[in-house]
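Participant:
2 protein chains.
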Amino acid sequence: MIDFIYEVPTKIYFGKDQMGHLGEEIAKFGKKVLITYGGGSVKKIGLFDKIVAELKKYDLEIFEMGGIEPNPRIGSVRKGAQICKDEGIDVILAVGGGSTIDCSKWISAGACVDFDPWEFFVTEAMPEKAVPLVTVLTMAATGSEMNGGGVISNPETNEKLACISPFVKPKVSFLNPELTYTVSRFQTAAGSADILSHLIETYFNPGDSMYMLDSSMEAFMKTVIKYAPVALENPEDYEARANIMWAASWAINGFTRTCQVGGWSCHPMEHELSAFYDITHGLGLAILTPSWLRFCLDEGTLDRYVKFGVNVWGVDPGLPPMEIAEKGIEKTAEFLFETLGLDSSLTAIGIDDTHFAEMANKACKGKFINGYKQFTPADVEKIYRMSL
Amino acid sequence: MIDFIYEVPTKIYFGKDQMGHLGEEIAKFGKKVLITYGGGSVKKIGLFDKIVAELKKYDLEIFEMGGIEPNPRIGSVRKGAQICKDEGIDVILAVGGGSTIDCSKWISAGACVDFDPWEFFVTEAMPEKAVPLVTVLTMAATGSEMNGGGVISNPETNEKLACISPFVKPKVSFLNPELTYTVSRFQTAAGSADILSHLIETYFNPGDSMYMLDSSMEAFMKTVIKYAPVALENPEDYEARANIMWAASWAINGFTRTCQVGGWSCHPMEHELSAFYDITHGLGLAILTPSWLRFCLDEGTLDRYVKFGVNVWGVDPGLPPMEIAEKGIEKTAEFLFETLGLDSSLTAIGIDDTHFAEMANKACKGKFINGYKQFTPADVEKIYRMSL
């Protein structure tokens with residue numbers, strides 16, 4: 001078991017009636033607020049006006065930047081960072097899902113440096129400070145509201161890269177499950193697949209695991225498995241939306257990963273898919289995950305698959321181990337493609353093997369991915385092919 | 389489901405080789421450090437010298453206060469607060485278990501007020517600031533290393549009272565499972581009972597629960613049930629000690645309780661036992677818990693007992709619900725009294741009914757305890773009698 005540091009200082013206001021605390025929390029950081037958001041649905045549903053009304057109670061000066069893309073682009077980061085510099089922004093309020101929050105994190109760091117923020121992603125440059133970030137979450141998926149990670153795309157180079165820094169962690173996040181009532185059926189399903197993928201990538205880890213964290217991950221996975229179908233059936237089921245929302249934060253806020261030595265491999269493989277084809281991240285993960293699980297299964301990894309099959313999917317522990325493992329994978333696929341109703345192959349979403357070699361090479365950064373197993377570009381290409 | 393605020397900012401260094409970070413973390417808060425500890429075992433095992441050596445690397449000025457009692461007394465709080473005031477202490481470093489940390493929390497708050505710190509426990513006075521607190525944990529039990537609660541005894545009034553404030557939360561805690569290798573068999577058992585009690589008191593809650601948190605609590609309970617016997621068998625089993633230590637923090641750091649409406653009732657009942665008889669807290673909880681569970685079981689609470697029996701103790705879900713519930717209680721008692729080997733009755737530890745009426749009245753503060761069920765003093769007395 002490895003040593004680790006755990007630090008998750010984000011303060012969370014969870015529930016229906018927490019918006020009254022927004023102004024007081026924002027005002028702690030200063031007067032000038034930049035509200036960031038995506039395609040404008042936050043305005044359509046009246047959330048933006050509600051937020052502005054809360055901020056005005058504290059005499060805050062409001063700036064805004066909309067139009068952050070679903071796979072947020074470095075151009076938006078640059079634009080936001082420039083607004084922060086030009087206006088002397090004290091605090092950023094990101095209103096939206098993982099894309100808006102991810103973008104806002106790198107705006108907050110970009111505002112404090114005099115170089116191009118893309119350098120955070122492709123050089124050794126790391127933030128040493130950032131404009132404080134507060135978030136109002138409108139979608140349960142990426143967990144960005146409670147961690148220091150963010151993924152940004154650069155369409156000029158076809159790159160989609162992740163970067164992590166403690167400085168960009170949100171100071172405060174507001175999680176109101178009701179705000180996810182209007183999330184579409186497809187995005188609810190893709191978000192649930194994303195949460196499950198965060199947990200699966202962490203659960204299948206090459207190092208010694210810690211029973212207490214494994215059991216917690218099983219609890220979070222079972223939460224998604226139990227409540228995603230409920231939310232699809234009845235989008236306004238508060239209990240379902242609340243459980244999914246809180247599980248999403250905990251799937252990737254650092255708690256489950258503290259004791260894990262390995263990196264993730266399904267995510268970098270998917271990042272190439274969405275960098276090349278601009279697909280929804282959670283959908284890409286859903287399509288790759290069963291193939292990825294099949295590819296990594298062998299006698300050496302079997303024990304973990306048995307634990308997964310029995311504890312997460314309720315497979316009969318009396319069956320032969322390899323059968324338990326295979327049933328666990330089948331049930332995962334069934335959940336993603338039948339219960340959640342997501343497309344089950346790359347072919348179904350119009351992706352063929354044209355760029356497989358290039359994407360595989362990029363995912364491996366020309367060498368390999370150190371995930372549950374070490375993948376070469378040839379391995380990655382094989383998994384893409386298995387997902388056709 | 390109720391709204392809640394989650395905020396657990398304590399930074400944790402977990403593992404065998406983290407002590408090298410102690411000096412840098414302490415130095416962030418200033419130059420003058422008060423090291424607090426208990427009966428001196430931290431000196432006997434060489435831990436104190438190791439800590440001093442680390443602090444000296446950062447030129448810190450060291451003060452010390454030992455002798456904090458196992459059920460820490462208000463006299464120690466007063467003494468420590470006075471040292472902080474007299475010496476202008478910048479940061480307190482508590483080295484020990486829950487007692488030393490609890491006491492140090494109220495020293496840290498007491499140092500910042502000009503009234504008697506006992507007032508925090510018996511009046512409306514609450515801390516508005518505190519001297520920063522860092523901890524080095526040497527025993528897994530109370531979870532004090534990651535929360536804002538503390539329990540202090542006043543032998544003059546036979547009172548043992550809890551108080552909670554965000555200001556006294558440790559800023560940083562060092563959790564090295566190896567430091568618990570020397571914890572005695574009895575204290576390991578009592579500590580495990582304490583952790584389990586924190587989880588049981590939260591799990592059995594009168595309000596709507598949240599599936600995701602219930603499942604997490606089940607995961608933490610199963611961790612204690614799995615590893616406490618391993619640690620008793622082999623006190624130097626790192627995996628067992630690590631799992632118990634981390635589960636102890638999570639049992640009571642705020643995470644599991646966020647969504648619960650009710651208070652605890654077994655703890656205030658036990659506080660009277662240890663206030664009157666100075667017994668080990670975890671032992672008192674172990675003796676009371678099965679009686680408490682039996683007392684609260686009825687048709688209205690049955691569902692929760694079934695969940696507990698099946699998910700925590702693996703009772704056959706096909707049995708009649710009341711039988712599952714009773715088996716769950718039996719298995720809890722078996723674990724506490726046979727597996728952990730703790731005394732199973734008040735009689736066995738020399739406590740008779742002499743003070744039952746007075747203790748029951750005090751536990752109810754003359755009115756009632758609002759826990760899983762509302763208890764009158766007569767109810768509390770009945771549970772004491774069931775535990776004879």
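As they're listed, the protein sequences go chains A and B. So that you can map any letter, position 14 of the first sequence is 14 in this note's numbering, and since no number is skipped, the others follow by simple counting. So that you can map any letter, position 71 of the second sequence is 459 in this note's numbering, and since no number is skipped, the others follow by simple counting. Think of the CB as a built atom: it goes at the ideal place given N, C-alpha and C, for glycine as much as any other residue. Computed from a predicted model, the values in this text were never measured in an experiment.
Does the Cβ-Cβ distance between L93 (chain A) and V52 (chain A) come in under 7 Å?
Facilitator: no
Participant: Quick one: does M146 (chain A) have its CB under 7 Å from some CB of chain B?
Facilitator: No, no contact with chain B.
Participant: Which residues of the stretch 193-206 of chain A have a Cβ closer than 7 Å to any Cβ of chain B? Give them in chain order.
Facilitator: none
Participant: Can you pull the chain D neighbours of Q406 (chain B), defined as C-beta to C-beta under 7 Å?
Facilitator: Checking the listed chains, one finds no chain D in this structure; the protein chains it contains are A and B.
Participant: Taking all protein chains shown into account, decide if A345 (chain A) is buried (16 or more other Cβ within 10 angstroms of its Cβ) or exposed.
Facilitator: The displayed chain sequence assigns Ser, not Ala, to residue 345 (chain A). Exposed is the call here.
Participant: Should M609 (chain B) and V700 (chain B) be called a contact, given that it needs their Cβ atoms to be closer than 7 Å?
Facilitator: yes
Participant: Leaving out five residues before and five after G538 (chain B) in sequence, what residues of the same chain have Cβ atoms less than 6 Å from its Cβ?
Facilitator: D490, K493, W494
Participant: State the Cα-Cα distance for the pair Y227 (chain A) and G408 (chain B), rounded to the nearest angstrom.
Facilitator: 44 Å
Participant: Three-state secondary structure (DSSP) at R682 (chain B)?
Facilitator: helix
Participant: Does M245 (chain A) get closer than 7 Å to chain B when you measure Cβ to Cβ?
Facilitator: no
Participant: Give the secondary structure of S561 (chain B) by DSSP, where H, G and I count as helix, E and B as strand, and everything else as coil.
Facilitator: strand
Participant: Give the single residue among B:D437, B:A663, B:S775 whose Cα lies nearest to the Cα of N546 (chain B).
Facilitator: Comparing alpha-carbon positions, the option among B:D437, B:A663, B:S775 lying closest to N546 (chain B) turns out to be B:A663.
Participant: In the DSSP assignment, what are the bridge partners of G484 (chain B)?
Facilitator: For G484 (chain B), DSSP records a beta bridge to B:L525.
Participant: Under 8 Å: do the stretch 317-324 of chain A and the stretch 339-358 of chain A share three or more Cβ pairs, one atom per stretch?
Facilitator: Too few Cβ pairs lie closer than 8 Å, so no.
Participant: Identify the residues that DSSP records as bridge partners of L690 (chain B): which are they?
Facilitator: According to DSSP, which records beta bridges pairwise, L690 (chain B) is partnered with nothing at all.
Participant: Can you pull the chain B residues whose beta carbon is under 8 Å from the beta carbon of T188 (chain A), in chain order?
Facilitator: Chain B residues near T188 (chain A): none, gap ~17 Å exceeds 8 Å.
Participant: Starting from L34 (chain A), follow the beta strand (DSSP E) in both directions and report where the run begins and ends.
Facilitator: 32-36
Participant: May I ask you to list, following chain order, the residues of the stretch 614-638 of chain B that have a beta carbon less than 8 Å from some beta carbon of chain A?
Facilitator: K614, Y615, Y626, E627, A630, N631, W634, A635, W638
Participant: Closer than 7 Å, CB to CB, is Y211 (chain A) near chain B or not?
Facilitator: yes
Participant: Within 7 Å of any Cβ in chain A, is that where the Cβ of T727 (chain B) sits?
Facilitator: Chain A contact via Cβ: absent.
Participant: D214 (chain A) to T256 (chain A), Cα distance in whole Å?
Facilitator: Cα to Cα, the separation comes out at about 8 Å.
Participant: For C551 (chain B), write down the residues that DSSP places opposite it in a beta bridge.
Facilitator: Beta-bridge partners of C551 (chain B) (DSSP): B:G538.
Participant: Could you have a look at I2 (chain A) and say whether DSSP puts it in helix, strand or coil?
Facilitator: coil
Participant: Report the neighbours of S165 (chain A) on chain B: residues whose CB is nearer than 7 Å to its CB, in chain order.
Facilitator: Within 7 Å Cβ-Cβ: nothing; S165 (chain A) doesn't reach chain B, min ~16 Å.
Participant: Under 7 Å between C-beta atoms, does Y6 (chain A) make it to chain B?
Facilitator: Closer than 7 Å to some Cβ of chain B, the Cβ of Y6 (chain A) qualifies, so yes.
Participant: With distances taken from CA atoms, which of A:W250, A:S165, A:G98 is nearest P127 (chain A)?
Facilitator: The alpha carbon of P127 (chain A) has as its nearest neighbour, out of A:W250, A:S165, A:G98, the alpha carbon of A:S165.
Participant: Pick out whichever of B:M657, B:F451, B:E442 has its Cα sitting closest to the Cα of E769 (chain B).
Facilitator: B:M657
Participant: So is Y181 (chain A) in contact with chain B if we call contact Cβ pairs under 7 Å?
Facilitator: no
Participant: Please confirm whether D478 (chain B) and K419 (chain B) have their CB atoms less than 7 Å apart.
Facilitator: yes
Participant: Applying the criterion that 16 or more other CB atoms from any shown protein chain within 10 Å of the CB defines a buried residue, is S153 (chain A) buried or exposed?
Facilitator: Flag for S153 (chain A) reads buried.
Participant: Which partner residues does I369 (chain A) have in the DSSP bridge list?
Facilitator: Its beta-bridge partners are A:F375.
Participant: Per DSSP, what kind of secondary structure is Y665 (chain B) in: helix, strand or coil?
Facilitator: helix
Participant: Mind listing which residues of the stretch 367-383 of chain A have their C-beta closer than 8 Å to chain B's C-betas, in chain order?
Facilitator: none
Participant: What span of residues does the beta strand (DSSP E) with K781 (chain B) cover, start to end?
Facilitator: With chain B covering 389 to 776 only, the question about residue 781 (chain B) has no answer from this structure.
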